[in-house]
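In the numbering used here, the protein residues as written are 241 to 754.
Glycine residues also receive a C-beta, built at the ideal position from the N, C-alpha and C atoms.
Only a predicted model underlies this, so the values are computations on that prediction, with no experimental measurement involved.
A short write-up of the structure that comes next.
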RNA sequence: GCCCCGUUCGUCUAGAGGUUAGGACCCAAGAUUUUCAUUCUUGUAACAGGGGUUCGAUUCCCCUACGGGGUACCA
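This is the structure in structure tokens:
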């Protein structure tokens with residue numbers, strides 16, 4: 241029988257989740273769903289010094305917004321609870337003790353200060369210190385001290401850590417689902433701290449123990465973990481779990497647009513685009529960072545974009561729903577090299593989704609934005625406005641800036657264009673259009689256009705001369721959607737008002753010319 | 001320093017020995033449009049370098065360069 245697919249996304253709540261993390265979560269989710277497996281969210285909060293208020297909540301909200309909710313998590317529950325590592329503290333101690341008993345790990349009493357001194361000394365000799373099978377004999381631990389001394393120290397309540405005892409000089413070889421065979425010599429691996437002096441496990445211990453206990457079948461994580469994977473394998477072996485070891489897949493990193501370093505939380509919005517899915521307020525400084533949601537990205541577009549950063553289906557299709565992605569996602573199509581993040585493509589995705597997303601999904605977003613502007617409009621009018629503008633905006637909120645004239649009469653006009661087009665016929669024509677339009681019974685595009693064309697024919701005026709003026713009258717701008725459609729949208733009364741107002745302004749400013 | 005991973009148009013990438021090296025974004029030009037946008041057409045633009053292996057290498061191997069990651073009682 242094949243092992244059930246169970247994957248986990250295991251962020252630590254030391255700050256807001258950033259888009260690299262979201263992509264890791266996404267790939268885990270896609271992989272799980274494809275195999276009808278489970279997607280687990282585990283909170284790795286073992287570093288009590290770096291705890292950030294609200295960061296955990298931010299993770300839940302972000303995943304929810306993206307539509308990739310976990311099957312099991314601290315919030316959703318599950319049969320392997322608890323899913324928050326701080327609540328599993330006793331478990332790790334038990335497993336660490338087990339390794340002590342079996343001789344696979346040992347106590348170490350070196351204080352952080354002592355180790356720091358050793359490190360400095362080594363550095364002075366231009367060497368890098370690592371705590372490993374070659375150096376541990378010179379340090380203070382249960383391998384160098386007598387059993388009695390160790391016992392005394394423990395009983396005296398001295399601080400200690402538990403370190404993994406790496407043994408042997410052979411290579412650790414494993415097969416990464418994305419990278420193929422990876423090989424590293426055991427001499428390169430240090431005797432990593434498993435249990436910290438505060439009784440909390442380090443990432444390595446907690447991770448391996450939990451992945452084992454939670455029956456994780458595939459570990460899909462960022463490339464920054466690739467170098468410590470051999471260590472994790474040593475841990476599985478130390479526990480005797482080598483047959484239950486999950487498969488590993490290490491994802492390429494999302495890099496800064498410059499390519500210099502991985503995209504990090506700290507980049508904030510200095511780069512000109514959000515690095516967080518949602519906006520985030522730093523509880524310490526009060527500083528607010530932009531989020532994709534608040535910037536106006538549709539979650540479907542955001543996810544689609546993110547999915548294609550580092551993975552592709554091998555076909556030329558680029559637009560995929562989350563569900564489609566779950567059908568075609570494969571780890572072997574994940575690219576190996578890091579991807580320089582380029583927001584331009586992300587904006588393009590949003591434009592695509594803006595045009596194809598059904599009205600009922602767009603409406604709530606538009607209404608929320610409308611209320612911010614304290615404008616009032618019926619739902620169907622709002623959607624009509626959106627349809628008029630949707631092919632010339634990248635984000636739904638731009639309806640209210642680029643399409644402001646659909647909601648309020650223009651306060652200014654584009655004088656540069658007006659001056660070029662204005663002639664001695666202009667006022668007469670505008671007045672005529674106004675008057676003839678005023679008596680139209682069927683206020684629709686076809687009729688308006690016909691009446692308009694009859695007039696310019698009658699007066700032998702060029703369409704390119706009068707149209708910009710009429711457009712300015714109605715919108716205050718010289719470019720935009722079809723003018724007759726705008727007129728229909730605004731309604732006869734409003735159109736009449738705007739034209740009259742514009743004529744008045746012209747008369748006032750250009751009396752000499754007319 | 002040491003270890004690991006990587007390197008195809010500016011960017012995201014396809015390519016798994018023989019291709020006019022393909023697509024998308026961006027940019028540019030043209031067509032359509034009252035205008036802008038959309039749409040359509042076209043264009044610019046890439047195999048890091050050097051050695052092998054081979055009849056033939058972007059593709060396989062090695063070296064170099066460059067980039068990224070790791071090297072904590074952080075994850």
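DSSP, reduced to helix, strand and coil, places residue 356 within a helical segment of the structure shown. Residue 486 sits buried, since 16 or more C-beta atoms from the chains shown fall within 10 Å of its C-beta. Cβ-Cβ distances below 6 Å link residue 535 to 514 in the same chain, with the five nearest sequence neighbours on each side left out; the list follows chain order. Looking at 512, 614, 267, the one whose alpha-carbon comes closest to that of residue 310 is 267. With fewer than 16 other CB atoms across the displayed protein chains lying within 10 angstroms of its CB, residue 655 is exposed. For the set 407, 422, 406, the Cα lying nearest the Cα of residue 413 is the one of 422. Per DSSP, the beta bridge partners of residue 317 are 313.
Cβ neighbours of residue 565 within its own chain (closer than 6 Å, five residues either side excluded): 270, 547.
For residue 586, the secondary structure class from DSSP, reduced to helix, strand or coil, is helix.
Excluding five sequence positions before and after residue 687, the CB atoms of its chain that fall closer than 6 Å to its own CB belong to 680, given in chain order. Put simply, the region 604-620 touches the region 643-660. At least three CB pairs are less than 8 Å apart. With a cut-off of 8 Å on Cβ pairs, the region 369-388 is not in contact with the region 312-325, counting fewer than three such pairs. Its chain contains 538, 540 as the residues whose beta carbon lies nearer than 8 Å to that of residue 597, once the 5 sequence neighbours on both sides are disregarded; these appear in chain order. Distance from residue 416 to residue 426 at the Cβ level is roughly 18 Å; contact not present, criterion being Cβ atoms closer than 8 Å. Non-local beta-carbon contacts of residue 463 in its own chain, meaning distances under 7 Å to residues more than five positions away in sequence, involve 490, 491, 492, 493 in chain order. Secondary structure of residue 748 (DSSP, three-state): helix. Fully contained in the region 584-628 is no beta strand (DSSP E) run of length 3 or more.
Ranked by how close their Cα comes to the Cα of residue 666, the residues 445, 696, 685 have 696 in first place. Around the beta-carbon of residue 368, fewer than 16 other beta-carbon atoms lie within 10 Å, marking it exposed.
By the CB criterion at 9 Å, residue 280 and residue 449 fall outside the cutoff.
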